[in-house]
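Visitor: In this note's numbering, the protein residues as written are 1 to 180. Just so you know, even glycine gets a beta-carbon here, dropped at the ideal spot from N, CA and C. From a predicted model like this one, the values you see are computed outputs, not experimental measurements.
1. Can you tell me whether residue 139 is helix, strand or coil according to DSSP?
2. Secondary structure at residue 69, three-state DSSP: helix, strand or coil?
3. Roughly how many angstroms lie between the CA atoms of residue 160 and residue 37, to the nearest whole one?
4. Which term fits residue 103, buried or exposed, when burial requires 16 or more other beta carbons within 10 angstroms of its beta carbon?
5. For residue 48, which of helix, strand or coil comes out of DSSP?
6. Would you identify the three-state DSSP class for residue 23, choosing helix, strand or coil?
7. With distances taken between CB atoms, is the gap from residue 67 to residue 134 smaller than 9 Å?
8. Okay, do the stretch 89–101 and the stretch 42–50 touch, 3+ Cβ pairs below 8 Å being the bar?
9. Can you tell which of 129, 147, 25 has its C-alpha closest to the C-alpha of residue 78?
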């Protein structure tokens, strides 16, 4: 019995790709006369409730403390983002909070965080007690308080759907490389 191997035999490679579609949502909050709030100890500024999501299913609220949330944060601007309610299944999200300059550009002051799961039916808070130093906000060279107003921008990147795609490769391997 003889065994013959055809060295011209080729095999096609295949690769699978998992792609996560992400949607971006944005909310901008303008706080007029912010320069006067730093005089009030532990004063909480609260944004109106805003909605983000495919069908505005997530209700959020920003909480801002110009003099920090607690004694150990008194030299900082504290920011809390609260998810009040939502109506869909669990999703992962990426959150970015920025202070905005006079010209509308995002400043260097930003915080980013990954939210592993936004859970169905639960109120949740993301806390940033030392978001930025208060002195930095009031420093005129940073251009963060045009006409005494502070602008905070919230961007949410929300997972939408996971798609698995198979892509046959156009790369062919000769039979002698298939064994290695």
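Guide: Based on what the coordinates show:
1. Working through the chain shown from its first residue, we reach residue 139 at position 139. If DSSP states are grouped into helix, strand and coil, residue 139 belongs with coil.
2. Your numbering for residue 69 matches position 69 in the chain shown. The answer is coil: DSSP assigns residue 69 none of H, G, I, E or B.
3. Along the chain shown, one-based indexing puts residue 160 at 160. Along the chain shown, one-based indexing puts residue 37 at 37. Roughly 39 Å between the two C-alpha positions.
4. For this step, residue 103 is matched to residue 103 along the chain shown. That one is exposed.
5. Within the chain shown, residue 48 is the residue found at index 48, counting from 1. In the three-state reduction of the DSSP assignment, residue 48 falls in the coil class, being assigned neither a helical nor a strand state.
6. In the chain shown, residue 23 corresponds to position 23, counting from 1. In the displayed model, residue 23 falls within a strand according to three-state DSSP.
7. Here residue 67 refers to the residue found at position 67 of the chain shown. Here residue 134 refers to the residue found at position 134 of the chain shown. Yes, they are a contact pair.
8. no
9. Mapped onto the chain shown, residue 78 falls at position 78. For the residues 129, 147, 25, the minimum Cα distance to residue 78 belongs to 129.
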